[in-house]
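Inspection log for the structure reproduced underneath, given as structure tokens.
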Amino acid sequence: MSKAIATAFACVAFLASPALAQKAQDTLRVAYKAPIATTDIYIDPQPETTLTSVAVYDTLIVFDSQSKTFRPSLAESWKQVTPTQLDMKLREGIKFHDGSPFTADDVVYTLNYISDPKSGLRFSANWGFIDKVEKVDDYNIRIITKSPTPYALARLATTTPIYPKAVHSKLETKGDFGRRSPVGTGPYKVISIDSSNGIKLVRNEDYKPAGPWNSKAKIKNVQLLPIPDPQTQIAQLLTGGLDIILESPKDQSEQLTSMPNITSTAIENTVYTYMNFDAAGRSGLEPLTKLDVRRALSMAIDRPTLAKAIMAGGDMVKVIDAPCNAATQVGCVVDPANIKYDPKAARELLAKAGYPNGFDVEITTIPGVEKLGEAIAGQLRAIGVRAKLENTTFVAFRTKQTSGKLQLLVAHYSSGGLSDVNSAVEYYVGSEPRDYWHDKDITKMANAASAEMDPTARNDMLRKIFNSINDKSLLLSLTTFPAVVVHTTDLVLPKVSTIFTAPELNNIGWK
Numbered sequence: 162m163s164k165a166i167a168t169a170f171a172c173v174a175f176l177a178s179p180a181l182a183q184k185a186q187d188t189l190r191v192a193y194k195a196p197i198a199t200t201d202i203y204i205d206p207q208p209e210t211t212l213t214s215v216a217v218y219d220t221l222i223v224f225d226s227q228s229k230t231f232r233p234s235l236a237e238s239w240k241q242v243t244p245t246q247l248d249m250k251l252r253e254g255i256k257f258h259d260g261s262p263f264t265a266d267d268v269v270y271t272l273n274y275i276s277d278p279k280s281g282l283r284f285s286a287n288w289g290f291i292d293k294v295e296k297v298d299d300y301n302i303r304i305i306t307k308s309p310t311p312y313a314l315a316r317l318a319t320t321t322p323i324y325p326k327a328v329h330s331k332l333e334t335k336g337d338f339g340r341r342s343p344v345g346t347g348p349y350k351v352i353s354i355d356s357s358n359g360i361k362l363v364r365n366e367d368y369k370p371a372g373p374w375n376s377k378a379k380i381k382n383v384q385l386l387p388i389p390d391p392q393t394q395i396a397q398l399l400t401g402g403l404d405i406i407l408e409s410p411k412d413q414s415e416q417l418t419s420m421p422n423i424t425s426t427a428i429e430n431t432v433y434t435y436m437n438f439d440a441a442g443r444s445g446l447e448p449l450t451k452l453d454v455r456r457a458l459s460m461a462i463d464r465p466t467l468a469k470a471i472m473a474g475g476d477m478v479k480v481i482d483a484p485c486n487a488a489t490q491v492g493c494v495v496d497p498a499n500i501k502y503d504p505k506a507a508r509e510l511l512a513k514a515g516y517p518n519g520f521d522v523e524i525t526t527i528p529g530v531e532k533l534g535e536a537i538a539g540q541l542r543a544i545g546v547r548a549k550l551e552n553t554t555f556v557a558f559r560t561k562q563t564s565g566k567l568q569l570l571v572a573h574y575s576s577g578g579l580s581d582v583n584s585a586v587e588y589y590v591g592s593e594p595r596d597y598w599h600d601k602d603i604t605k606m607a608n609a610a611s612a613e614m615d616p617t618a619r620n621d622m623l624r625k626i627f628n629s630i631n632d633k634s635l636l637l638s639l640t641t642f643p644a645v646v647v648h649t650t651d652l653v654l655p656k657v658s659t660i661f662t663a664p665e666l667n668n669i670g671w672k
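Numbering (this note's numbering), first residue to last: 162 to 672.
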């Protein structure tokens with residue numbers, strides 16, 4: 162039993178069983194580790210903010226993972242007129258939480274604001290493909306892109322909420338919008354925001370869903386509570402002070418779900434785990450520049466066992482052959498990788514490559530995959546590779562990555578929640594801080610795929626890219642990484658989410 166859970170159990174030792182959720186009061190209480198100070202994902206692009214942003218604001222369109230298509234939200238319909246012109250017709254009769262009507266002015270203002278580098282947004286490059294956005298009339302807009310952008314719809318469906326021009330444009334300090342005057346069109350309204358006490362939401366009774374893919378809120382009230390201490394979170398859950406704990410590790414979720422009235426739900430998302438090789442030799446470790454060595458190390462990794470024994474999420478955790486999740490992303494196409502777990506053959510291949518006695522290598526991990534890195538280090542040692550493990554913070558990882566000192570990286574990547582593989586492809590190539598391959602052919606193919614508007618032709622390109630990554634053993638895709646949420650048994654949670662750490666609040670309901 163983990164120390165956090167043992168301590169929490171001690172705190173509630175005199176209770177026969179945990180209290181049930183506040184179903185009678187129709188109030189959902191969700192714990193988060195970090196303070197929640199805003200609902201503005203543009204200003205504060207953190208998982209906590211994403212949870213509130215999706216609840217309070219709407220995007221123009223949404224991605225429907227069941228049909229693998231984009232569906233209406235604030236936009237009623239759209240047409241790719243030319244490779245660089247996207248026309249959208251907006252829904253009429255939609256109102257912001259303050260009662261003001263939603264029109265084309267709000268869309269034009271928001272998209273031009275977030276795509277303008279002068280706005281000073283951390284991830285303004287996400288919308289760098291936009292050249293300009295024009296108002297055709299009150300309910301029609303035109304988006305002009307700088308070049309053909311096949312992932313434009315995915316970006317508009319992901320973390321691109323629309324703000325009211327009348328409110329946001331008047332603020333001298335734009336950060337005040339998400340903290341003091343958050344007004345959206347989404348399924349929840351903001352009642353209060355306090356970085357110490359969290360955020361209170363109430364159902365938007367006037368919400369008009371565009372379809373079953375973006376439903377009205379099922380629970381009336383939501384309280385998002387910043388509780389950084391895991392022991393306190395667990396104690397609150399067990400004593401009825403909380404209904405949901407997010408991002409629960411495997412051992413914690415398994416122990417908690419053995420308690421009465423507590424269960425867990427694994428939620429499909431865009432996150433995956435992988436092991437990246439310094440094939441370019443930036444770190445100075447020569448063995449990793451050799452294909453046979455990288456292939457041998459890949460053959461030493463027992464991915465099915467890692468998926469079952471290390472990763473949380475049960476049967477929802479899948480072994481993958483490409484750095485993406487086919488269940489939640491467009492373009493995740495790859496032929497089955499010829500990478501079988503075979504430590505004996507791996508040792509023989511190492512000897513053939515000139516390393517019969519193995520070699521020294523450092524594995525760097527980022528927060529969240531430390532145990533995965535531990536297991537991989539053990540599997541590499543089993544074939545004679547002397548693997549040393551360094552678990553880093555995100556800041557230390559970025560410093561190491563930029564300075565070219567990563568040898569083997571075991572990590573996870575969310576793709577920014579994007580329902581398209583473009584972010585995954587671009588993440589590894591072309592940008593020197595992240596590019597540890599220096600493979601000109603793959604970079605060329607990636608650039609071509611990022612500009613191909615024909616879906617069939619683009620999928621063919623993407624398949625070649627992912628197959629080439631596997632053929633050259635540049636990266637070993639490991640597993641999907643579902644969000645595991647521990648909660649009371651009287652709640653029903655969705656199995657898929659556009660938020661990579663949590664379910665959408667409006668899709669959570671009572672049994």
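Note that beta-carbon positions come from the ideal geometry of N, C-alpha and C, so glycine has one too.
Candidates the options: which alpha carbon is nearest residue i's?
i	options	result
S280	L332, A473, M420 and E551	L332
Y516	R547, T489 and I669	R547
A427	D463, R190 and M477	M477
E225	A585, M436, V297 and E429	Note that residue 225 is Asp in the sequence shown here, rather than Glu. Minimum Cα distance to D225 is reached at E429.
T220	D651, P233, G670 and L189	P233
P244	K605, K633 and D615	D615
S308	P410, D292, A318 and I323	D292
L399	F558, D187, S414 and P410	S414
R619	I197, Q183, W288 and T310	T310
K335	A609, T200 and T188	T200
L314	D277, I222 and P370	I222
Q392	T662, Y193, E523 and V653	Y193
DSSP on residue i, reduced to helix/strand/coil?
i	result
L530	Note that residue 530 is Val in the sequence shown here, rather than Leu. Coil.
M477	helix
L652	strand
G577	helix
E295	strand
S153	There is simply no residue 153 to check, as the chain begins at 162 and stops at 672 in what is shown.
Y274	helix
A483	coil
D187	coil
Q490	coil
R595	coil
L282	coil
N499	coil
R252	coil
V657	strand
E613	coil
Report, in whole angstroms, the separation of the C-beta atoms of residue i and residue j, which I expect to be a contact under 8 Å.
i	j	result
A507	A468	That belief does not hold up - the Cβ atoms of A507 and A468 are roughly 19 Å apart, past 8 Å.
L636	Y574	Rounded, the Cβ-Cβ distance is 11 Å, inconsistent with contact.
L272	R252	Not confirmed; about 16 Å, so no contact.
H258	V344	5 Å
I304	L385	Not quite, the Cβ-Cβ distance comes to about 33 Å (not below 8 Å), so this is no contact.
N518	G545	6 Å
Y597	N358	Between N358 and Y597 the Cβ distance is about 43 Å, and since that is not below 8 Å, they are no contact.
W671	I380	7 Å
P484	S638	5 Å
A536	I481	So it is not a contact: roughly 17 Å between Cβ atoms.
F642	V491	In fact, because the Cβ distance is near 19 Å, the residues do not count as touching under 8 Å.
D463	Y502	4 Å
Using 10 angstroms around the beta-carbon of residue i, count the other beta-carbons present and answer buried if the total reaches 16, otherwise exposed.
i	result
Q568	buried
G539	exposed
S580	buried
A265	buried
K549	exposed
P325	buried
P421	exposed
K625	buried
T211	buried
G608	For the sequence presented, residue 608 should be read as Asn rather than Gly. Classification for N608: exposed.
I352	exposed
R316	buried
G578	buried
Near residue i, what residues of its chain come up, given a Cβ to Cβ distance below 7 Å and the 5 sequence neighbours on each side ignored?
i	result
T563	P594
K454	Note on residue identity: the sequence assigns Val, not Lys, to residue 454. Contacts found: P448, L511, A514 and Y516.
N628	V495 and D496
K656	I428 and E429
P528	T554 and F555
T424	T418, H648 and T650
Can you give me the Cβ contacts of residue i inside the same chain, cut-off strictly under 8 Å, excluding the 5 residues immediately before and after it?
i	result
P206	R283, F284 and T320
L452	K633 and S634
L176	A caution first: L176 carries a pLDDT of 43, below 50, which makes its placement in the model too unreliable to give a value.
Give me, in chain order, the residues of the same chain whose beta-carbon lies closer than 6 Å to that of residue i; leave out the 5 immediate sequence neighbours on both sides.
i	result
E408	T662
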